[in-house]
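*Asks:* Sharing a structure, written as structure tokens. Questions coming.
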Amino acid sequence: MFDNLKYIENKPIQNYRQFMGNIGKNTFKSLLFLIFSLSTLTSCQKTPEETLSCMTDLTQTSTQTDNNRSDLDISVNVDGSGSMEGYVTIPNNNYIKALQLLASAVIDTNNKTNLEYKRIGDDKILTRNNFVNNATSKNFYDGNDSNYKAVSSPIHSAIKPPVNGKDKLTIIVTDLEGDDGGKIAEVLAQNYLNKEQKNQDYTVGIWAVKSQFNGIIYNPNTGKAKFNYSTEGKTEEAFRPFYVLFIGKYEQIANYFDELKTLDKEIQNNSEMFIFPTQKVLVQNMINLGNLDERKSKSTLPENNSLERVFALEDNNVIVSVENPDNEPYELLSIVDNIEPKLTLNYQVAFPTVEKIKGGNYSLSMDENNLKTDTKVYTFSSDNQVTESTVEKSESDKETENKPQEETPEKIDNLPKNSSNKQFFTLNNNNSLQQGLVLKDLKLDKEKETLQFITDINLQSLPNSDVYLFEVNLILDDLIGLDWWNTWNANNQNNDGSKTQNLSIFMNKLKNLSLANLSNSENDPVIGNFCFAIQKN
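For the sequence shown, my numbering begins at 40 and goes up steadily by one.
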């Protein structure tokens, strides 16, 4: 019994010693766990990863555009003033043919189309038969018909904005005499050629036709008869011009032009067609460095192997890569040798001429003198670093994570990043850094549809062993006007019926409006992007 008591009495002592031993062991384990956790948290600070894209703000906006076709309102308007009468005094001339073509052309049959014909001056609605038969006769213009009274046609009054939810194509037939040009340009700027997003694909196309004529040329300032003019016995160069203005979306105008060319090829010998390019057209044909294979075959790196083309860059701050290395036109270059102060690369990139975009010479052209560049530099910003904890998720977190997620509407944040929306790089306006990459000596070959240029990397302008992002905008500084704008132009002193008063002034106003409408938020008409990520080791 005592032995049993001794065992019982000794048992608490044994339990105490065991308890104290367990405290020591647990404390040691706890310290080890704490040290390990701290070490793990410290080592798991996430290295920032930047995925680059050479997509611009304009490109992203264009890709978000709704591709659904809208209903289309077409309004065909004819100047009914007396200055147009001389165009219908000679049977089957180019003017009469043009009106017949306008009535016959097939217009974008994929749309639900509402078509109307009007006489400018009294806004009289015409049937198609009225348009074909009456607008080709003298009664339509001379003011002697009770149905068609004499009018002074304010051409700009026919330019009205589209109805919400519908596309609009306005067609105006006129001789552009008087102050029509200035007023037309003003109304176009109000209703179409402006920065409103809904108008970004609207533009102006012009079909300029020289026609046989026998009638009176009026003084555009007084409205009184100035002189008689007849093309009888004269060459085609002496024919009198008239103009068909198309105000609508680029693709719709180009389709109409294609149809007009198909219906009558002969009249094209006496006419000119062109369309001012739109931002959407240029963005869809944005000039860039090309995919990886194109860059390898069309560019040359320095011969001394001081520069390498790589798939990713990594310094002490960030990892830089592109999502699709084979197709993304972003050049990732690692400087292997820092001995040379300057590294030179030669590039040749595809440059599809704007005038060939829609299968015909419809858009104004450009050359290398119309091109300039603007370089932006981005450097790593430590303010944007993120860390990732490896602390084990709670059971409630796991349950929440495993629950089916409700679908939410796609937000703008989920769209591909554009060049100005970077996670870990910010714009750096340091003047010296701007010289770190210089793009120069642009040479445009219109026949081969290529643009060549030299890229200099100036290592002395890159102070640190970091990754630098250079994004170079190719800017359209001007468009080349067409020769006939001047050869068909008349000034106040000319009594030449083969020319149009102040034509060149009107055309250049439209050109400047169009150019301004191509501009981005910095007022630069950007037509290309050349993107480089460079790591100085």
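Heads up, the beta-carbon is just placed ideally off N, CA and C, and yes, glycines get one too.
List the residues that DSSP assigns as beta-bridge partners of S114.
*Replies:* Bridge partners of S114: E155, T209.
*Asks:* Compute the beta-carbon to beta-carbon distance between K575 and S504, rounded to the nearest angstrom, for a pair I have assumed lies under 8 Å.
*Replies:* The pair is a contact, with the Cβ atoms about 5 Å apart (cut-off 8 Å).
*Asks:* Thinking N559 and M325 are a contact (beta carbons under 8 Å), I'd like their distance in whole angstroms, please.
*Replies:* In fact, because the Cβ distance is near 12 Å, the residues do not count as touching under 8 Å.
*Asks:* So what's L549 in DSSP terms, helix, strand or just coil?
*Replies:* DSSP places L549 in helix when its eight states are reduced to three.
*Asks:* Work out the CA separation of T539 and N530 for me, nearest whole Å.
*Replies:* So the alpha carbons of these two residues sit roughly 8 Å apart.
*Asks:* Exposed or buried, which one is L154 when buried takes at least 16 other CB atoms within 10 Å?
*Replies:* Its Cβ having fewer than 16 others within 10 Å, L154 is exposed.
*Asks:* Mind pulling the alpha helix (DSSP H) runs of 4 or more residues that sit fully within the stretch 287-321?
*Replies:* You should have 289-302.
*Asks:* Using a threshold of 8 Å, state whether the C-beta atoms of I113 and T175 are closer than that.
*Replies:* Contact: no.
*Asks:* Using the three-state DSSP reduction, which class does Y417 fall into: helix, strand or coil?
*Replies:* Correct three-state label for Y417: strand.
*Asks:* Please report the residue range of the beta strand (DSSP E) in which Q491 lies.
*Replies:* Note, Q491: beta strand (DSSP E), 489-497.
*Asks:* What residue from K381, E342, T86, C570 has the CA that sits closest to G329's CA?
*Replies:* Nearest of K381, E342, T86, C570 to G329, Cα basis: C570.
*Asks:* Is it buried or exposed for L466, if we count other Cβ within 10 angstroms and need 16 for buried?
*Replies:* Exposed: under 16 other Cβ atoms inside 10 Å.
*Asks:* By the 10 Å Cβ neighbour count, where 16 or more other Cβ atoms means buried, how is K381 classified, buried or exposed?
*Replies:* K381 is exposed by the Cβ-count criterion.
*Asks:* Please determine if the stretch 273-284 and the stretch 121-135 are in contact, where contact requires at least 3 C-beta pairs separated by less than 8 Å.
*Replies:* Flag = yes, the stretch 273-284 and the stretch 121-135 touch.
*Asks:* Taking the alpha helix (DSSP H) that V231 belongs to, which residues open and close that run?
*Replies:* Looking at the sequence provided, one finds Tyr at residue 231 rather than Val. Premise fails: Y231 is in no alpha helix (DSSP H) and is neither H nor E.
*Asks:* Would T494 and L478 be called neighbours here (beta carbons separated by less than 8 Å)?
*Replies:* Their beta carbons are under 8 Å apart, which means T494 touches L478 by this criterion.
*Asks:* In the DSSP assignment, what are the bridge partners of Y268?
*Replies:* BP columns for Y268 point to G254.
*Asks:* Could you check what DSSP says for K136 in three-state terms: helix, strand or coil?
*Replies:* K136 falls in the helix class under three-state DSSP.
*Asks:* Between the beta-carbon of D240 and the beta-carbon of T301, is there less than 8 Å?
*Replies:* The answer is no: Cβ separation not under 8 Å.
*Asks:* Write down the C-beta distance between H195 and K157 rounded to the nearest angstrom, noting that I regard them as a contact closer than 8 Å.
*Replies:* Not a contact, Cβ separation roughly 14 Å.
*Asks:* Under 8 Å by Cβ, that's how I've got F285 and I210 pegged, so tell me the actual separation to the nearest angstrom.
*Replies:* Rounded, the Cβ-Cβ distance is 6 Å, consistent with contact.
*Asks:* Note down, in chain order, each residue of its chain lying with its Cβ closer than 7 Å to the Cβ of F463, except the 5 sequence neighbours on either side.
*Replies:* Contacts found: P87, E89, V357, F419, S420, N423.
*Asks:* For K485, name the three-state secondary structure that DSSP assigns.
*Replies:* In this structure, K485 counts as coil in the three-state DSSP scheme.
*Asks:* With the cut-off set at 8 Å, would you say T213 and S553 are in Cβ contact?
*Replies:* No, they are not a contact pair.
*Asks:* Indicate the three-state DSSP secondary structure (helix, strand or coil) for N470 in the structure shown.
*Replies:* Three-state DSSP puts N470 in a helix.
*Asks:* Quickly, what does DSSP pair P280 with across the bridge? List them, please.
*Replies:* P280 is bridged to K249.
*Asks:* On the DSSP bridge assignment, give the partners of V388 in chain order.
*Replies:* In DSSP, V388 forms a bridge with L490.
*Asks:* First and last residue of the alpha helix (DSSP H) that includes V171?
*Replies:* From DSSP, the alpha helix (DSSP H) with V171 extends over 167-173.
*Asks:* If you follow the alpha helix (DSSP H) that L515 is part of, which residue opens it and which one closes it?
*Replies:* Run containing L515: none in the alpha helix (DSSP H); it sits in the beta strand (DSSP E), 506-515.
*Asks:* I need the boundaries of the beta strand (DSSP E) containing Y525, first residue and last residue.
*Replies:* One point to set straight first is that residue 525 is Asn, not Tyr, in the sequence displayed. Not the beta strand (DSSP E): N525 falls in the alpha helix (DSSP H), residues 523-526.
*Asks:* Keeping to the same chain, check which residues put their C-beta closer than 6 Å to that of E370; ignore five residues upstream and five downstream.
*Replies:* Excluding positions up to five away in sequence, the list reads L328, F571.
*Asks:* Using the DSSP secondary-structure output, state which residues sit across from N183 in a beta bridge.
*Replies:* In DSSP, N183 forms a bridge with K188.
*Asks:* Apply the 10 Å Cβ neighbour rule to G287 and answer buried if 16 or more other Cβ atoms are within range, or exposed otherwise.
*Replies:* The residue in question, G287, is buried, as its Cβ has 16 or more Cβ neighbours within 10 Å.
*Asks:* How long is the line joining the alpha carbons of C93 and K415, rounded to whole angstroms?
*Replies:* Distance between the alpha carbons of C93 and K415: 12 Å.
*Asks:* Helix or strand or just coil, what does DSSP make of G204?
*Replies:* Correct three-state label for G204: coil.
*Asks:* Does the separation of the CB atoms of R334 and L372 fall below 8 Å?
*Replies:* Cβ atoms of R334 and L372: not closer than 8 Å.
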